[in-house]
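If you use full-length UniProt numbering, the sequence shown corresponds to residues 1 to 729, in order.
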Amino acid sequence: SCAGLRNLLQGLSFSAKYYSKHNPLQTMCSYSKIGPKKCHILDCSKSTCTHRTAPPGSILPCRFFSCKEGTNVPSKRKQNTSIVTSDLLHKNLLKSEQKNWNNISPTYKAMTKRIKEKLEELHNMYTLNSRSPRMRFGENVYFEENGCIFLAKADDDEGNAEILFSVEDLSFSDAFIQRIRISPDQRYMAISLKSENSEEATCIIMKLGNLPAVEKVIPSVFSFEWAANDVLYYTTQKNLKCQNVFMTTFTYQKHTKLVYTEQDARFFVDLYCTKDGRFLSINSNSKTTSEVWLVDCRHPFESPSLVQARTTGVIYHIEHRKDQLYILTTYGEPAEYKAILTDNYIHRNNLDTLASSGKENWQLVYALEKKTKLVDFEMFSDDCIMFLKNAGHLYLNVISFVSHSVQSIKLPTWACEFELEPHPEHTTSTCYFQLSSPVHPPKRFAYSFKENNLIEQAVQEVPIITNCHTTRLLAKSKDETLVPITVFHNKNSKELHRRPLLVHVYGAYGVDLNMSFKEEKLMLIEEGWILAYCHVRGGGEQGLSWHRDGCQHNKLKGLHDLRACITLLHQLGFSQPKHTALAAASAGGVLAGALCNTDPALIRAMVLQAPFVDVLNTMMKTHLPLTIEEQEEWGNPLEDEKCMKYIKSYCPYQNIKPQCYPSVFITAYGNDERIPLTGILQYVQKLRKAALDHASKTSKKGNWIPNIILDVQANGSHCDSSWQHSLNE
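See below:
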């Protein structure tokens with residue numbers, strides 16, 4: 001499975017992670033919202049966020065601060081007064097915005113009805129016929145549909161499948177299945193259930209057999225893996241942090257014990273099993289540094305062994321094949337990912353020799369080309385699969401351990417996202433995956449190791465998208481850096497300069513823009529819109545250096561990139577400012593909000609979902625659980641005055657001023673633990689006041705007052721993931 005690697009490749013950019021971009025059943029994160037007929041898939045080992053219908057796809061990156069506010073003051077009386085005053089202000093602002101929303105929302109009733117009907121039609125057409133991934137273990141096949149986990153025989157009709165587990169039967173009516181792990185002997189099944197209104201998950205251990213029964217319930221669990229038939233390792237999550245690893249057993253001497261504790265608040269711990277099942281790795285990751293401890297699954301009660309002590313700036317991930325460790329790491333120049341083989345032979349009975357596997361003894365197997373992003377990685381018995389991104393195009397590289405050769409295959413030009421399917425048996429001869437784009441529903445492909453070829457799989461009959469044109473551009477930023485843009489538009493559209501344009505941006509944590517299929521994107525294309533995705537610095541589209549060039553003291557480069565992208569689009573005849581809207585979610589709100597302050601004339605409207613718009617005040621509050629961890633992305637304004645001034649120079653909230661702003665629509669969530677709702681409320685109030693002040697002081701003909709609307713949803717959490725939520729949004 002690539003679960004652990006996905007955590008590494010993207011998760012080191014995140015604070016709390018609960019997706020692993022690709023946990024199959026055994027290493028799979030299934031998401032099934034109870035109610036709809038179709039199963040949804042959610043990658044769930046890292047951070048949250050995006051709705052994706054089956055087949056699975058990308059998760060929208062998130063902003064990670066808790067909303068637990070408070071003020072540290074010396075006097076208890078003053079502290080209580082401050083909290084009461086703050087709570088009263090919060091309630092008054094919230095009440096005012098809810099009243100404003102209730103007055104405005106009926107205006108859009110007819111349009112909302114039309115759009116909802118269209119989206120449901122597209123959803124039924126492209127996704128309801130898709131099926132969730134199947135996991136085969138010998139003659140048994142496991143799969144999840146509509147909140148139920150089924151067991152079928154490989155040679156039997158799935159209509160005869162046995163139900164092993166049902167969310168509704170356990171009265172978890174508002175929960176969805178997030179992750180499933182089957183024990184090696186298939187006697188136990190571990191399942192995590194998560195509510196859309198909570199960050200924490202509950203782990204249910206089922207004892208399988210003629211009458212499957214609940215063996216144990218573990219609250220507040222993040223990740224878990226079977227180290228042996230009846231030995232489960234798991235991590236616990238508290239206040240968006242994951243720092244403790246436990247081991248629990250289910251037969252004979254049942255017991256639970258603490259195995260590992262991470263002391264550094266910047267690091268987040270998760271678990272991963274190597275593809276061949278030989279080792280369980282305890283991965284402790286910050287945004288820039290990692291450390292791995294290995295548990296020998298043949299001796300699961302022995303203490304974990306350290307592979308390589310953490311070294312600032314060095315990230316690494318472990319795989320295993322035929323008694324040798326393979327390491328994916330950023331060690332060495334350039335600081336991009338490389339495949340490494342240790343010269344150490346893993347002894348049959350112990351890990352005592354792991355100390356000699358230190359990075360000074362690592363041997364280079366494969367290095368990425370410049371400006372190439374390693375998106376995913378999968379180890380098989382005789383081959384290694386790498387999914388790469390270069391200049392916006394996806395590539396499949398196959399490294400053969402037998403012939404010592406590398407084959408590179410350029411994937412279809414329309415493809416923007418991929419999803420590996422579950423491959424529990426590392427000896428398989430075929431690798432299955434799916435490709436998609438914002439406007440192309442997932443298509444299934446297979447790569448045969450024996451035939452050395454790529455085959456498109458026709459799984460079901462779905463309409464083919466033929467009227468959408470994909471264009472890739474490069475915009476020259478302020479410092480001459482070329483910034484990629486991906487553009488989609490209807491081939492039949494004429495006079496593109498008159499068409500509405502929706503621009504997307506993120507640019508944080510080294511995470512790519514979410515470009516998985518979404519029904520609303522296809523709807524917009526059909527209605528004549530142009531979609532543009534700006535891959536600015538701070539994201540990860542061109543490797544780790546692309547992220548480094550857009551974080552901390554380089555954050556303004558992302559803003560310059562975004563400005564250059566929109567300007568180029570207009571110059572090339574893709575719409576014009578009065579027909580241009582800008583969309584962003586979570587940390588993408590930083591660059592979107594900054595552009596709204598510096599270049600409001602470039603856009604007519606801005607749509608933000610759970611946006612991070614008050615960087616400075618948030619980073620000044622160390623009592624928030626993730627502030628220290630986030631300093632590797634934004635800097636530490638408390639100890640560095642230069643950093644404080646720099647953040648203040650681009651922070652959206654700090655730079656609001658009276659001017660002609662575009663219209664703004666913001667969605668926020670009452671249960672969002674990552675983005676303080678108070679900050680969003682204050683941002684909206686300040687922005688609306690600035691727009692009104694400007695309008696009152698100018699009397700230009702045609703002067704207009706922008707709509708600034710905030711929809712605070714009582715339910716849901718940060719960038720909620722369900723289809724129903726996506727439809728409502």
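Idealized CB from N, CA, C, for every residue including glycine.
Flag this pair as yes or no: are the beta carbons of residue i and residue j separated by less than 7 Å?
i      : j      : result
Leu240 : Leu626 : yes
Glu419 : Pro133 : no
Asp174 : Ser195 : yes
Phe165 : Met206 : yes
Lys657 : His560 : no
Val292 : Val314 : no
Asn229 : Asp185 : yes
His426 : Pro500 : no
Pro646 : His547 : First, the residue type needs correcting, since residue 646 is Tyr and not Pro in the sequence shown. Against a cut-off of 7 Å, the Cβ pair of His547 and Tyr646 comes out as no contact.
Gly540 : Val511 : yes
Leu328 : Ala339 : yes
Measuring only the C-alpha atoms, how far is residue i from residue j?
i      : j      : result
Asp599 : Gly593 : 10 Å
Glu632 : Thr698 : 43 Å
Arg136 : Cys416 : 28 Å
Gly679 : Ser105 : 23 Å
Glu217 : Asn244 : Per the sequence shown, the amino acid found at residue 217 is Val instead of Glu. If you take the alpha carbons of Val217 and Asn244, they lie about 17 Å apart.
Ile318 : Met379 : 11 Å
Tyr650 : Ala309 : 37 Å
Ala605 : Pro442 : 30 Å
Val269 : Gln237 : 9 Å
Leu89  : His694 : 25 Å
Glu527 : Asp614 : 35 Å
Pro300 : Val231 : 7 Å
Glu162 : His123 : 28 Å
Ile385 : Trp529 : 37 Å
Val483 : Ser448 : 35 Å
Leu454 : Asp383 : 15 Å
Lys118 : Met111 : 11 Å
Leu258 : Ala190 : 19 Å
Ile603 : Ala532 : 13 Å
Lys371 : Glu200 : 36 Å
Thr288 : Glu369 : 21 Å
Ser408 : Asn452 : 11 Å
Whose CA, out of the options, lies closest to the CA of residue i?
i      : options                        : result
Leu608 : Lys118, Phe150, Ile709         : Ile709
Pro219 : Ala227, Gly209, Thr202         : Thr202
Arg278 : Ala227, Phe246, Glu302         : Ala227
Ile485 : Lys557, Ala564, Leu522, Asn728 : Ala564
Tyr506 : Ala532, Gly538, Trp529         : Gly538
Cys297 : Ile675, Arg499, Ile282, Ser286 : Ile282
Ser545 : Asn397, Glu215, Thr330, Ile177 : Thr330
Leu638 : Leu280, Ile705, Lys689, Met620 : Met620
His320 : Asp276, Tyr432, Met125, Thr235 : Asp276
Asp155 : Val141, Val167, Glu168, Glu145 : Val141
Considering only DSSP beta bridges, list what residue i is partnered with.
i      : result
Leu364 : Ile340
Thr236 : Val221, Asn244
Leu626 : For Leu626, which the question treats as bridged, DSSP gives no partner whatsoever.
Arg444 : Gln434, Gln457
Arg136 : Val141
Trp226 : Leu232
Tyr316 : Thr329
Arg472 : Thr486
Tell me whether residue i sits in a helix, a strand or coil according to DSSP, three-state version.
i      : result
Trp101 : helix
Ile705 : coil
Trp414 : coil
Pro106 : helix
Lys557 : helix
Asn514 : coil
Gly539 : strand
Cys2   : Legend: pLDDT at Cys2 = 40, less than 50; position of this residue unreliable, value from coordinates given subsequently. Cys2: coil per DSSP, three-state reduction.
Asn397 : strand
Asn210 : coil
Pro184 : coil
Leu119 : helix
Tyr272 : strand
Val402 : coil
Asp376 : strand
Ala610 : coil
The ligand ZN and residue i: does the residue's C-beta get closer than 6 Å to at least one heavy atom of that ligand?
i      : result
Leu394 : You won't find the ligand ZN in this model; it holds no ligand whatsoever.
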